[in-house]
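When we follow my numbering, the leftmost residue of the sequence shown carries the number 20, and every step to the right adds one. Structure, as structure tokens:
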Amino acid sequence: LISIIRWSMKPNLVIIGFEKEFNKKLCIYLADKLDMFFVDVKELIEYDLVNSREALLRCGKEYIEKEERKTVRNVSEYENTVVNIPYDIFVNNRDFFKENNINIFIKPYKSGYADDIVLEDRMALLKNYCTLFIENSENSVESCYNKILNGLKGDKK
């Protein structure tokens with residue numbers, strides 16, 4: 020089953036969301052189960068900048084945004100990778116993820132993140148960029164994994 024899904028999917032799975040720790044666990048789980056690589060965009064940006072606070076003070080916000088964009092562009096060109104990316108970084112760089120990626124938004128567990136209207140507005144912004152919108156209704160990595168697999172196969176479960 021997994022080999023069929025890997026054969027039919029685009030090179031990368033891009034996981035977008037607000038719940039940093041949950042999404043990271045989900046991405047690592049997906050990468051392991053689907054025999055893919057894993058990258059956390061936020062951590063990679065911080066690594067590339069070494070000390071983002073110092074860089075911000077010395078070089079300014081424009082420099083930070085330019086470096087962030089360069090890192091995201093590079094990540095968007097990876098192959099066979101599960102990419103964990105926070106919502107704000109994805110939205111600011113979404114043009115890089117139009118091709119060769121399956122963009123998947125993970126809706127926060129019980130919408131505890133923010134008020135539902137704000138969440139719906141943010142999801143509407145992603146409408147043209149995401150292939151799947153996954154409900155994290157059980158706060159379970161395995162449940163989200165199964166929903167993603169079903170979505171990739173075209174099931175509506």
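Ideal Cβ positions, reconstructed from N, Cα and C, are used throughout, including at glycine. Note that the coordinates shown come from a computational prediction; the quantities given were computed from them, not determined experimentally.
Endpoints, beta strand (DSSP E) assigned at residue i
| i | result |
| --- | --- |
| residue 157 | Note, residue 157: premise wrong, no beta strand (DSSP E); not H, not E. |
| residue 103 | 100–105 |
| residue 36 | 31–36 |
| residue 124 | 120–126 |
Residue i, buried or exposed, once every other Cβ within 10 Å from all chains shown has been counted against 16
| i | result |
| --- | --- |
| residue 78 | exposed |
| residue 156 | exposed |
| residue 50 | buried |
| residue 113 | buried |
Closest residue to residue i among the options (Cα-Cα distance)
| i | options | result |
| --- | --- | --- |
| residue 39 | 160, 88, 168 | 160 |
| residue 55 | 45, 61, 64 | 45 |
| residue 63 | 73, 88, 48, 53 | 88 |
| residue 110 | 81, 126, 149, 76 | 149 |
| residue 57 | 66, 65, 47 | 47 |
| residue 96 | 146, 168, 165, 121 | 121 |
| residue 91 | 173, 127, 33 | 33 |
| residue 141 | 66, 74, 106, 166 | 106 |
Contact under 8 Å by Cβ, residue i with residue j
| i | j | result |
| --- | --- | --- |
| residue 137 | residue 102 | no |
| residue 153 | residue 170 | yes |
| residue 42 | residue 119 | no |
Hey, which unbroken runs of the beta strand (DSSP E) at 3 residues or more fall wholly within the region 41–84? You should have 56–59.
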